[in-house]
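K.L.:
Just passing along the structure, written as C-alpha coordinates.
In the numbering used here, the protein residues as written are 645 to 802.
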(Lines of atoms letter the chains of each structure in order from A and count residues from 1; the text may use other names and numbers.)
(Lines give C-alpha, C1' and ligand atoms only; values in the text may rest on other atoms or scores of the structure.)
Protein backbone atom coordinates (compact mmCIF):
# COMPACT_ATOMS: atom_id res chain seq x y z
CA UNK A 1 0.00 0.00 0.00
CA UNK A 2 1.32 3.44 -0.93
CA UNK A 3 1.59 6.00 1.84
CA UNK A 4 1.44 9.73 1.31
CA UNK A 5 3.34 12.30 3.37
CA UNK A 6 1.24 14.71 5.41
CA UNK A 7 2.08 17.30 8.04
CA UNK A 8 0.60 17.11 11.53
CA UNK A 9 -1.41 20.27 10.80
CA UNK A 10 -2.78 18.76 7.58
CA UNK A 11 -3.85 15.58 9.36
CA UNK A 12 -5.49 17.61 12.15
CA UNK A 13 -7.40 19.67 9.59
CA UNK A 14 -8.69 16.51 7.87
CA UNK A 15 -9.70 14.95 11.21
CA UNK A 16 -11.56 18.15 12.09
CA UNK A 17 -13.44 18.08 8.77
CA UNK A 18 -14.22 14.38 9.23
CA UNK A 19 -15.59 15.02 12.72
CA UNK A 20 -17.71 17.91 11.40
CA UNK A 21 -19.14 15.74 8.61
CA UNK A 22 -19.91 12.78 10.89
CA UNK A 23 -21.24 14.58 13.95
CA UNK A 24 -22.95 17.63 12.45
CA UNK A 25 -23.54 17.38 8.71
CA UNK A 26 -24.61 13.72 8.53
CA UNK A 27 -27.37 14.12 11.20
CA UNK A 28 -28.60 17.31 9.48
CA UNK A 29 -28.94 15.45 6.18
CA UNK A 30 -30.72 12.50 7.82
CA UNK A 31 -33.19 14.97 9.38
CA UNK A 32 -33.73 16.62 5.97
CA UNK A 33 -34.46 13.26 4.38
CA UNK A 34 -36.92 12.34 7.16
CA UNK A 35 -38.69 15.69 6.79
CA UNK A 36 -38.88 15.35 2.99
CA UNK A 37 -40.34 11.83 3.33
CA UNK A 38 -43.21 13.22 5.38
CA UNK A 39 -44.26 15.36 2.41
CA UNK A 40 -45.55 12.31 0.56
CA UNK A 41 -44.83 10.90 -2.90
CA UNK A 42 -41.06 10.42 -3.19
CA UNK A 43 -41.00 10.24 -7.01
CA UNK A 44 -41.91 13.90 -7.41
CA UNK A 45 -40.36 15.19 -4.20
CA UNK A 46 -37.46 17.51 -5.13
CA UNK A 47 -36.50 18.10 -1.50
CA UNK A 48 -36.09 14.37 -0.95
CA UNK A 49 -33.93 13.90 -4.05
CA UNK A 50 -31.77 16.92 -3.18
CA UNK A 51 -31.24 15.63 0.36
CA UNK A 52 -30.34 12.14 -0.93
CA UNK A 53 -27.86 13.67 -3.38
CA UNK A 54 -26.32 15.73 -0.60
CA UNK A 55 -26.10 12.58 1.53
CA UNK A 56 -24.17 10.88 -1.29
CA UNK A 57 -21.69 13.76 -1.49
CA UNK A 58 -21.24 13.78 2.29
CA UNK A 59 -20.69 10.01 2.51
CA UNK A 60 -18.26 10.18 -0.42
CA UNK A 61 -16.23 12.91 1.28
CA UNK A 62 -16.18 10.93 4.54
CA UNK A 63 -14.81 7.88 2.69
CA UNK A 64 -12.25 10.04 0.87
CA UNK A 65 -10.96 11.61 4.10
CA UNK A 66 -10.84 8.24 5.90
CA UNK A 67 -8.86 6.82 2.98
CA UNK A 68 -6.41 9.72 2.99
CA UNK A 69 -5.87 9.48 6.74
CA UNK A 70 -5.52 5.70 6.49
CA UNK A 71 -2.75 6.02 3.88
CA UNK A 72 -1.07 9.06 5.42
CA UNK A 73 2.46 9.05 6.71
CA UNK A 74 2.20 11.87 9.23
CA UNK A 75 5.50 13.69 9.63
CA UNK A 76 6.10 15.99 12.60
CA UNK A 77 8.86 18.28 11.36
CA UNK A 78 9.42 19.74 14.85
CA UNK A 79 10.78 16.37 16.02
CA UNK A 80 13.41 16.18 13.28
CA UNK A 81 16.72 17.95 13.98
CA UNK A 82 17.33 20.98 11.75
CA UNK A 83 20.43 20.28 9.69
CA UNK A 84 19.62 23.17 7.31
CA UNK A 85 18.60 20.73 4.57
CA UNK A 86 15.34 21.04 2.68
CA UNK A 87 13.07 18.11 3.57
CA UNK A 88 9.31 17.50 3.67
CA UNK A 89 7.53 19.85 6.08
CA UNK A 90 10.17 22.58 6.34
CA UNK A 91 9.58 26.24 5.64
CA UNK A 92 12.18 27.46 3.17
CA UNK A 93 12.99 31.05 2.23
CA UNK A 94 14.33 31.58 -1.27
CA UNK A 95 15.94 34.52 -3.05
CA UNK A 96 15.23 34.84 -6.76
CA UNK A 97 18.72 35.56 -8.10
CA UNK A 98 17.46 37.52 -11.13
CA UNK A 99 14.92 39.77 -9.38
CA UNK A 100 16.22 39.81 -5.77
CA UNK A 101 12.68 38.94 -4.64
CA UNK A 102 12.33 36.77 -1.54
CA UNK A 103 9.64 34.13 -1.23
CA UNK A 104 8.88 31.69 1.58
CA UNK A 105 7.24 28.29 1.07
CA UNK A 106 6.31 25.40 3.31
CA UNK A 107 6.69 22.02 1.62
CA UNK A 108 3.57 19.96 2.37
CA UNK A 109 1.58 16.98 1.08
CA UNK A 110 -0.46 17.15 -2.11
CA UNK A 111 -3.78 17.63 -0.29
CA UNK A 112 -2.42 20.45 1.88
CA UNK A 113 -0.94 22.57 -0.90
CA UNK A 114 -2.32 26.11 -1.11
CA UNK A 115 -0.24 28.63 -3.03
CA UNK A 116 -2.20 31.53 -1.49
CA UNK A 117 -0.80 30.47 1.89
CA UNK A 118 2.66 29.71 0.40
CA UNK A 119 2.23 25.98 0.98
CA UNK A 120 3.55 24.01 -2.00
CA UNK A 121 3.17 20.33 -2.75
CA UNK A 122 6.18 18.08 -2.24
CA UNK A 123 5.61 16.90 -5.81
CA UNK A 124 5.69 20.42 -7.33
CA UNK A 125 8.66 21.34 -9.56
CA UNK A 126 10.00 23.86 -7.03
CA UNK A 127 9.82 21.43 -4.10
CA UNK A 128 11.38 18.59 -6.11
CA UNK A 129 14.27 20.88 -7.05
CA UNK A 130 14.75 21.97 -3.42
CA UNK A 131 14.54 18.61 -1.60
CA UNK A 132 17.96 17.57 -0.29
CA UNK A 133 19.60 20.97 -0.87
CA UNK A 134 21.13 23.04 1.93
CA UNK A 135 21.16 26.69 2.97
CA UNK A 136 23.27 28.88 0.63
CA UNK A 137 22.79 26.42 -2.26
CA UNK A 138 21.72 27.72 -5.63
CA UNK A 139 18.90 25.83 -7.31
CA UNK A 140 17.64 26.05 -10.87
CA UNK A 141 13.92 25.38 -11.22
CA UNK A 142 12.05 24.74 -14.45
CA UNK A 143 8.76 26.61 -14.25
CA UNK A 144 6.04 27.23 -16.86
CA UNK A 145 7.61 30.67 -17.33
CA UNK A 146 11.08 29.24 -17.95
CA UNK A 147 14.19 28.60 -15.86
CA UNK A 148 14.39 30.42 -12.52
CA UNK A 149 17.43 30.44 -10.24
CA UNK A 150 16.97 30.61 -6.49
CA UNK A 151 19.36 30.77 -3.55
CA UNK A 152 18.22 29.04 -0.37
CA UNK A 153 18.40 31.64 2.40
CA UNK A 154 16.94 29.72 5.33
CA UNK A 155 15.34 26.41 6.29
CA UNK A 156 13.04 26.39 9.34
CA UNK A 157 11.39 23.53 11.18
CA UNK A 158 8.05 25.04 12.29
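We treat Cβ as the ideally placed atom computed from N, Cα and C, and that holds for glycine.
Give me the residue from 673, 762, 717 and 695 with the minimum Cα distance to residue 736.
P.N.:
Closest option to residue 736, Cα to Cα, is 762.
K.L.:
Sorted by chain position, which residues of the same chain lie with C-beta nearer than 8 angstroms to residue 674's C-beta, five sequence neighbours on each side aside?
P.N.:
Here the set comprises 699.
K.L.:
For residue 756, count the other beta carbons within 10 Å of its own beta carbon; 16 or more makes it buried, fewer makes it exposed. Which is it?
P.N.:
Label assigned to residue 756: buried.
K.L.:
Which residues does DSSP pair with residue 782 in a beta bridge?
P.N.:
DSSP output for residue 782 lists 795 as bridge partner(s).
K.L.:
Taking C-alpha atoms, which residue in 653, 770 and 709 lies nearest to residue 792?
P.N.:
Residue 770 is the option with its Cα nearest to residue 792.
K.L.:
Identify the continuous beta strand (DSSP E) that holds residue 765 and give its terminal residues.
P.N.:
It spans 763-765 - the beta strand (DSSP E) in which residue 765 sits, taken as one unbroken run.
K.L.:
For residue 756, which of helix, strand or coil comes out of DSSP?
P.N.:
Helix at residue 756.
K.L.:
Please list the terminal residues of the continuous alpha helix (DSSP H) segment that includes residue 724.
P.N.:
It is not in any alpha helix (DSSP H) - residue 724 carries neither H nor E in the DSSP assignment.
K.L.:
Between the C-alpha atoms of residue 686 and residue 677, what's the straight-line distance to the nearest angstrom?
P.N.:
Those two C-alpha atoms are separated by around 10 angstroms.
K.L.:
May I ask you to verify whether the segment 707-723 touches the segment 654-668, counting CB pairs closer than 8 angstroms and requiring at least 3?
P.N.:
Segments in contact, yes.
K.L.:
According to DSSP, residue 747 sits in a beta bridge with which residue or residues?
P.N.:
738.
K.L.:
Roughly how many angstroms separate the alpha carbons of residue 682 and residue 712, rounded to a whole number?
P.N.:
Cα-Cα distance, rounded: 37 angstroms.
K.L.:
Shortest alpha-carbon distance to residue 776 belongs to which of 703, 743, 650 and 727?
P.N.:
Comparing Cα positions, the closest option is 727.
K.L.:
Quick one: using the 10 Å Cβ neighbour count with 16 as the cut-off for buried, is residue 765 buried or exposed?
P.N.:
The residue is buried, with at least 16 neighbouring Cβ atoms inside 10 Å.
K.L.:
Would you report the Cα separation of residue 707 and residue 800, rounded to the nearest angstrom?
P.N.:
Cα to Cα, residue 707 sits roughly 34 angstroms from residue 800.
K.L.:
Count the other C-beta atoms from every protein chain shown that fall within 10 angstroms of the C-beta of residue 753, then say buried if there are 16 or more, exposed otherwise.
P.N.:
Looking at its Cβ environment, which holds 16 or more other Cβ atoms inside 10 Å, residue 753 is buried.
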